[in-house]
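Colleague: These protein sequence lines are chains A and B, in that order.
5 is the number of the first residue of the first sequence in the numbering used here; add one for each residue after it.
2 is the number of the first residue of the second sequence in the numbering used here; add one for each residue after it.
From the three backbone atoms N, C-alpha and C, an ideal C-beta is built for every residue, glycine too.
Below you'll find the structure I mean.
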Amino acid sequence: MIPVVRDLYKRLLLVGRAYPAGLDHVRERAKREFLERRDLTSEADIRKAVGYGRYMLREMEGVIQLKKYRTLKARGYDGPARP
Amino acid sequence: MRKVLVGVKRVVDYAVRVRVSADKSGVELANTKMSMNPFCEIAVEEAIRLKEKGAAEEVVAVSIGPKQAQETLRSALAMGCDRAIHVQTDIRSDQGLNPLAIAQLLEKVVEKESPDLVIVGKQSIDGDHATTAPMLAELLGWSQATFAARLDVAADGASAEVERETDAGTEVVKLPLPAVISADLRLNTPRYPKLPNIMKAKKKPLEALEAADLGVDLAPTLVVTGVAPPPDRAAGVTVESVDDLVDKLKNEAAVI
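What follows is the structure in structure tokens.
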């Protein structure tokens, strides 16, 4: 496997640990997407696929950050009044 | 401003549904997911941003707790801190180790490190005391700005302007450095550490100290007498008609 691709997969699993839907869901989905693209050979195609994967990674990080913020806000942790 | 000290705490992960232990003495910690206190993440993020802006040269993370607190410190290092200090103690940080002892231990670390600014989270989600930052400021004789929603350090590094969250809105205060700041939810959005940074963090220096060696009385001043889960929600009641509903709202629930 190309190092960039392996690095992307590892990053997806790392972020998947904190993802609300769970690591299993992320791993299943990531594996499926990677296996669908296993036959890509041209550098342009691979770069595009890795770019897509990195975009999904940023989206996942955003979801995690948003969920954390919203949960804390809903629990009353925004502002000085202690819950 | 040269050095920023950030306090971080390893707590039960915010998303975990905690369970009370069988003997009702505390929360069940075995096999529960632990991570950095959300407000501590916000504090670390703010310190890193100060370094990136050029307002600070070095960011040091400190944590008080058992051996596993070093994992939390590695996360802080992965976010961008330069060094970490682990104050080792096996006293439970959500019960036995009280905010006063924590503040006194942090005071010793401050004496050792001489930072220009101390940033901590406003409260931890397991203790919810929100007293460590004010106590530390008092012990040090420093200014404090709690519930910070915005932090600006002056160009000469001698003062800072902080917008504080209050019950009635926000208040802007100006305070001389060195100072203690406690981070509130809206201060910033913490970054997610990248894989290369996590790898780099393993090589950054982490110093371990023994809490018992720092000359602080660690005996609890507050004692937890009992822990109980919240009462189960009562079952709902079905009503027959709108009049019945209005009657119940008026008389039983007393909301109209």
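Taking C-alpha atoms, which residue in B:P179, B:S183 and B:G128 lies nearest to B:E112?
Modeller: Of B:P179, B:S183 and B:G128, the residue nearest in Cα terms is B:P179.
Colleague: Pick out whichever of B:K249, B:I103, B:A202 and B:K251 has its Cα sitting closest to the Cα of B:L223.
Modeller: Among B:K249, B:I103, B:A202 and B:K251, the Cα nearest to that of B:L223 is on B:I103.
Colleague: Would you check if there are 3 or more beta carbon pairs closer than 8 Å linking the region 37-49 of chain B to the region 8-27 of chain B?
Modeller: Yes: at least three Cβ pairs fall under 8 Å.
Colleague: Within the same chain, show all residues whose beta-carbon is closer than 6 Å to that of A:R42, passing over the 5 residues directly before and after it, in chain order.
Modeller: So no residue of the chain qualifies.
Colleague: Counting Cβ pairs closer than 8 Å, one from the region 202-209 of chain B and one from the region 76-87 of chain B, do we hit at least three?
Modeller: Enough Cβ pairs lie closer than 8 Å, so yes.
Colleague: At 3 residues or longer, and completely inside the region 142-223 of chain B: list those beta strand (DSSP E) runs for me, N to C.
Modeller: Fully enclosed beta strand (DSSP E) runs of 3 or longer: 144-154, 160-167, 170-177, 180-184 and 207-211.
Colleague: Closer than 7 Å by beta-carbon distance: list the chain A residues that pair up with B:A131, in chain order.
Modeller: Here the neighbours are R86.
Colleague: Mind checking if A:D82 is an interface residue toward chain B, Cβ cutoff 8 Å exclusive?
Modeller: Answer yes: the Cβ-Cβ gap between A:D82 and chain B drops below 8 Å somewhere.
Colleague: Is the beta carbon of B:A57 sitting closer than 8 Å to the one on B:L74?
Modeller: In this structure, B:L74 does not lie closer than 8 Å to B:A57 by Cβ.
Colleague: Chain B beta carbons: is any one of them nearer than 8 Å to that of A:D11?
Modeller: Yes, because at least one Cβ of chain B sits closer than 8 Å to the Cβ of A:D11.
Colleague: So for B:I103, helix, strand or coil by DSSP?
Modeller: It is helical.
Colleague: Leaving out five residues on either side along the sequence, give the residues of the same chain with a beta carbon under 8 Å from the beta carbon of B:E208.
Modeller: Within the same chain, B:E208 has close Cβ partners R84, A85, I86 and H87.
Colleague: Exposed or buried, which one is A:M5 when buried takes at least 16 other CB atoms within 10 Å?
Modeller: Answer is exposed; the Cβ neighbour count stays below 16.
Colleague: Hey, is A:R15's beta-carbon within less than 8 Å of any beta-carbon in chain B?
Modeller: Yes, contact with chain B.
Colleague: Label A:E32 either buried or exposed according to how many other C-beta atoms from any shown protein chain fall within 10 Å of its C-beta, with 16 as the threshold for buried.
Modeller: Exposed is the call here.
Colleague: According to the Cβ coordinates, are B:L196 and A:R86 closer than 8 Å?
Modeller: No, these two residues do not count as a Cβ contact at 8 Å.
Colleague: Grab me the residues of A:M64's own chain with a C-beta within less than 6 Å of its C-beta, minus the 5 sequence neighbours each way, in chain order.
Modeller: Contacts found: V19 and Y23.
Colleague: Look at the Cβ atom of B:A150, then the Cβ atom of B:T171, and state whether they are nearer than 8 Å.
Modeller: Contact flag set, yes.
Colleague: Is it the case that the region 65-83 of chain A contacts the region 10-24 of chain B, given that we only count it when at least three CB pairs across the two stretches are under 8 Å?
Modeller: The region 10-24 of chain B is in contact with the region 65-83 of chain A.
Colleague: Throw me the rounded Cβ distance for the B:G55 and B:S94 pair, which I believe falls under 8 Å.
Modeller: Wrong, their Cβ atoms sit about 34 Å apart, outside the cutoff.
Colleague: Would you check if the region 236-243 of chain B and the region 115-131 of chain B touch, i.e. whether three or more CB-CB distances between them fall below 8 Å?
Modeller: Cβ pair count under 8 Å is below three, so no.
Colleague: Quick check: what's the CA-CA separation for B:E29 versus A:G80?
Modeller: Roughly 24 Å separates the two Cα atoms.
Colleague: Using a Cβ cut-off of 8 Å (strictly closer), state whether A:L27 contacts chain B.
Modeller: So, not an interface residue.
Colleague: From this set, B:V63, B:A254 and B:I92, which residue's C-alpha is nearest B:E114's C-alpha?
Modeller: Minimum Cα distance to B:E114 is reached at B:V63.
Colleague: Going by the CB atoms, is the gap between B:I43 and B:P191 shorter than 8 Å?
Modeller: Closer than 8 Å, so yes.
Colleague: Mapping DSSP to helix, strand and coil, what is B:L6?
Modeller: Residue state, collapsed to three classes: strand.
Colleague: Got a sec: which bits of the region 90-115 of chain B sit with their beta carbon under 7 Å from any beta carbon on chain C, in order along the chain?
Modeller: No chain C appears in the structure shown, which is made up of the protein chains A and B.
Colleague: With 16 as the cutoff for other CB atoms within 10 Å, does B:Y193 come out buried or exposed?
Modeller: Label assigned to B:Y193: buried.
Colleague: Per DSSP, which one or two residues make a beta bridge with B:G122?
Modeller: DSSP, once it has assigned bridges, lists B:A184 as partnering B:G122.
Colleague: Using the DSSP secondary-structure output, state which residues sit across from B:Q89 in a beta bridge.
Modeller: Bridge partners of B:Q89: B:G66 and B:E211.
Colleague: When you check each C-beta in the region 42-61 of chain A against every C-beta of chain B, which residues fall closer than 8 Å?
Modeller: The residues in question: there are none.
Colleague: Within 8 Å of any Cβ in chain B, is that where the Cβ of A:V19 sits?
Modeller: Answer yes: the Cβ-Cβ gap between A:V19 and chain B drops below 8 Å somewhere.
Colleague: I need the straight-line Cα distance from B:S183 to A:T45, nearest angstrom please.
Modeller: C-alpha separation (whole angstroms): 52 Å.
Colleague: If contacts are defined as beta-carbon pairs under 8 Å, then A:V67 and A:V8 qualify, I think. What distance do you get, rounded to the angstrom?
Modeller: No, A:V67 and A:V8 are not in contact; Cβ-Cβ is about 24 Å, not under 8 Å.
Colleague: Should B:V61 be labelled buried (16 or more other beta-carbon atoms within 10 Å of its own) or exposed?
Modeller: By the 10 Å Cβ count, B:V61 comes out buried.
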